[in-house]
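The structure appears right after this line, and notes come after that.
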Amino acid sequence: MPELPEVETVCRGLAPFLEGHRFVRVEQRRKNLRFPFPKGFVKRLQGRQVERIHRRAKYILTYLDDSTVLIIHLGMSGRMTITAPGNTAPEPGKHDHVVFETEAGAVIMYNDVRRFGLMTLEQEDKLDQHPLLKDIGPEPLGNQFSDSYLSAVLKGRKTSIKAALLDQKVVAGVGNIYACEALYRAGISPRRTADSVAGKRAERLVPAVRNVLEEAIAKGGSTLRDYVQTDGELGYFQHEFAVYGRENEPCPDCDCGKSVQRIVQSGRSTFYCAKRQR
DNA sequence: CGGCCAACCTGTGCGC
DNA sequence: TGCGCACAGGTTGGCC
Numbered sequence: 086m087p088e089l090p091e092v093e094t095v096c097r098g099l100a101p102f103l104e105g106h107r108f109v110r111v112e113q114r115r116k117n118l119r120f121p122f123p124k125g126f127v128k129r130l131q132g133r134q135v136e137r138i139h140r141r142a143k144y145i146l147t148y149l150d151d152s153t154v155l156i157i158h159l160g161m162s163g164r165m166t167i168t169a170p171g172n173t174a175p176e177p178g179k180h181d182h183v184v185f186e187t188e189a190g191a192v193i194m195y196n197d198v199r200r201f202g203l204m205t206l207e208q209e210d211k212l213d214q215h216p217l218l219k220d221i222g223p224e225p226l227g228n229q230f231s232d233s234y235l236s237a238v239l240k241g242r243k244t245s246i247k248a249a250l251l252d253q254k255v256v257a258g259v260g261n262i263y264a265c266e267a268l269y270r271a272g273i274s275p276r277r278t279a280d281s282v283a284g285k286r287a288e289r290l291v292p293a294v295r296n297v298l299e300e301a302i303a304k305g306g307s308t309l310r311d312y313v314q315t316d317g318e319l320g321y322f323q324h325e326f327a328v329y330g331r332e333n334e335p336c337p338d339c340d341c342g343k344s345v346q347r348i349v350q351s352g353r354s355t356f357y358c359a360k361r362q363r
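Note that the working numbering numbers the first sequence so that position 41 is 126, with each residue one more than the last.
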């Protein structure tokens, strides 16, 4: 699930337990996720203090006091679980792959059934050049993501606009759900060619992407308090989607009885309303 | 380079 | 109840 809003929510949930706190125990419970853990992973983390947590695209960047950065990606099924200081942490289960304990007594577990996630370490001054990060496009909530940028970057691209939105080089952090939802809001067909999204369409798509992500973050934020108190699990949230997962249902703004269709584009499900989206 | 597809891995839900 | 298949929110690497 984790797209930009979920990763942002996870970062915000982790921050109070990690920023300014020191890892006193790190347990790596298997040798790899998507990639092998780097050499000396546990040793390099133990005793380090976290300075700040930051999100870039779908990556969680944890800046440490020795100028290294712990890079975390949640993949498809990665979650973080927090046990606040003073409470008893559960025993790690089959899919709890990494356990962090802070000096204050918080226990954070990384859980990932499918293991498409990753953790690695990089020197802070080399972070921009890291292979995983160097080609990522602008943050959709930042100023660089504008209709002129979008028109320019999509120029000449014959793939679908849906596939282009999923390309992290075009824009950072948009995944399958929010690509569908943003296109719905913008009234743009996911089948449309990417380079046909310029001018007025780009002017509609940019705020559509921004707004849907901002709303999802706001919702994550509003459920976060309850989330941490109940079971401490961070990562999966119930959102109301207009089209995603709603095949054969009427879309919210449809007055014509037509319903949401599911198609497959480059191997991923796309949901859209053929009447509203052209 | 652009674009498509398989692969990575586990779990779940559905039809038969 | 069991089996096989489709599918799941991400990303990469290989191929044409």
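Note that the Cβ used here is the ideal one computed from N, Cα and C, for glycine as well.
Residue 93 and residue 260: beta carbons closer than 7 Å?
Sequence index remark: in the first sequence, residue 93 carries index 8 (1-based). Sequence index remark: in the first sequence, residue 260 carries index 175 (1-based). No, Cβ-Cβ distance for residue 93 and residue 260 is not below 7 Å.
Unbroken beta strand (DSSP E) run spanning residue 246, endpoints:
Stepping through the first sequence from its first residue, residue 246 is reached at position 161. Where residue 246 is concerned, there is no enclosing beta strand (DSSP E), although the alpha helix (DSSP H) it sits in stretches over 246-251.
Residue interval of the beta strand (DSSP E) (run including residue 103):
Within the first sequence, residue 103 is the residue found at index 18, counting from 1. For residue 103, there is no enclosing beta strand (DSSP E); the residue is found in the alpha helix (DSSP H) stretching over 89-103.
What residue does the beta strand (DSSP E) around residue 329 start on, and which one ends it?
As a first step, residue 329 is located in the first sequence; it is residue number 244 there, counting from the start. Note, residue 329: premise wrong, no beta strand (DSSP E); not H, not E.
Counting C-beta neighbours from all protein chains within 10 Å, is the total for residue 247 16 or more, i.e. buried, or is it exposed?
As a working mapping, residue 247 is identified with position 162 in the first sequence. With 16 or more other Cβ atoms within 10 Å, it is buried.
How big is the Cα-Cα spacing for residue 163 and residue 121?
In the first sequence, the residue the question calls residue 163 occupies position 78. In the first sequence, the residue the question calls residue 121 occupies position 36. Going by the C-alpha atoms only, they are around 16 Å apart.
Find the nearest neighbour of residue 348 within the set 328, 342, 338 and 155, judged by alpha-carbon distance.
Locating residue 348 in the first sequence gives position 263, counting from the first residue. If we check each option's Cα against that of residue 348, 328 comes out closest.
Alpha-carbon to alpha-carbon, residue 187 and residue 100:
Residue mapping note: residue 100 aligns to position 15 of the first sequence, counting from 1. Residue mapping note: residue 187 aligns to position 102 of the first sequence, counting from 1. Taking the straight line from one Cα to the other gives about 12 Å.
Three or more beta-carbon pairs under 8 Å between the stretch 134-151 and the stretch 110-125, yes or no?
No, they do not touch.
Is DSSP giving residue 273 helix, strand or coil here?
Here residue 273 refers to the residue found at position 188 of the first sequence. Correct three-state label for residue 273: coil.
Measuring only the C-alpha atoms, how far is residue 193 from residue 206?
Within the first sequence, numbered from 1, the residue matching residue 193 stands at position 108. Within the first sequence, numbered from 1, the residue matching residue 206 stands at position 121. In this structure, the CA atom of residue 193 is about 18 Å from the CA atom of residue 206.
Would you tell me roughly how many angstroms separate the C-alpha atoms of residue 288 and residue 243, rounded to the nearest one?
Residue numbering aside, residue 288 sits at position 203 when the first sequence is read from its first letter. Residue numbering aside, residue 243 sits at position 158 when the first sequence is read from its first letter. Going from the Cα of residue 288 to the Cα of residue 243 covers about 20 Å.
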